[in-house]
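Participant:
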Amino acid sequence: MPFCWMDEKEGGQGPTQGASREDATVAEIRDRAAVMRRLGHSKADAIHRCMGNLAWAFSVSGQPAVSPARVRKLVGEVYGKAS
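Taking the numbering used here, I'd label the letters of the sequence shown as residues 505 to 587.
1. Can you grab the Cα-Cα spacing for the pair Phe507 / Ala573, in whole Å?
2. Shortest alpha-carbon distance to Ala550 belongs to which of Leu578, Ser571, Ala537?
3. Is the beta carbon of Arg534 less than 9 Å from the beta carbon of Val582?
4. In terms of residues, what are the limits of the alpha helix (DSSP H) holding Ala559?
5. Please state the DSSP three-state secondary structure of Ser571.
6. Please return the same chain residues whose Cβ sits closer than 7 Å to the Cβ of Met540, not counting the five positions on each side in sequence.
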């Protein structure tokens, strides 16, 4: 049974690279911010938690796909909905 990651001729673009990695990171930040909002945490607490989780997740593998300014914007969008 062939798998996409078994064939080296494909160019090396795995499922965790490029736009899909950024999309997954953005979705995780939005989901985490929504949970924090539902639990009654402040927007500042949600930003702090999302930034900490992002720093931890990429502490070994390098730069995250999302900038701190974008994290603030994403959390702000979540907290702006149905305030």
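Note that CB positions come from ideal geometry on N, CA and C, so glycine has one too.
Facilitator: For this structure:
1. Those two C-alpha atoms are separated by around 37 Å.
2. The residue with the shortest Cα to Cα distance from Ala550 is Ala537.
3. Going by C-beta atoms, Arg534 is nearer than 9 Å to Val582.
4. It spans 547-561 - the alpha helix (DSSP H) in which Ala559 sits, taken as one unbroken run.
5. Reduced to three states, the DSSP call for Ser571 is coil.
6. For Met540, where only same-chain residues beyond five positions count, the Cβ hits under 7 Å are Asp549, Ala550, Arg553.
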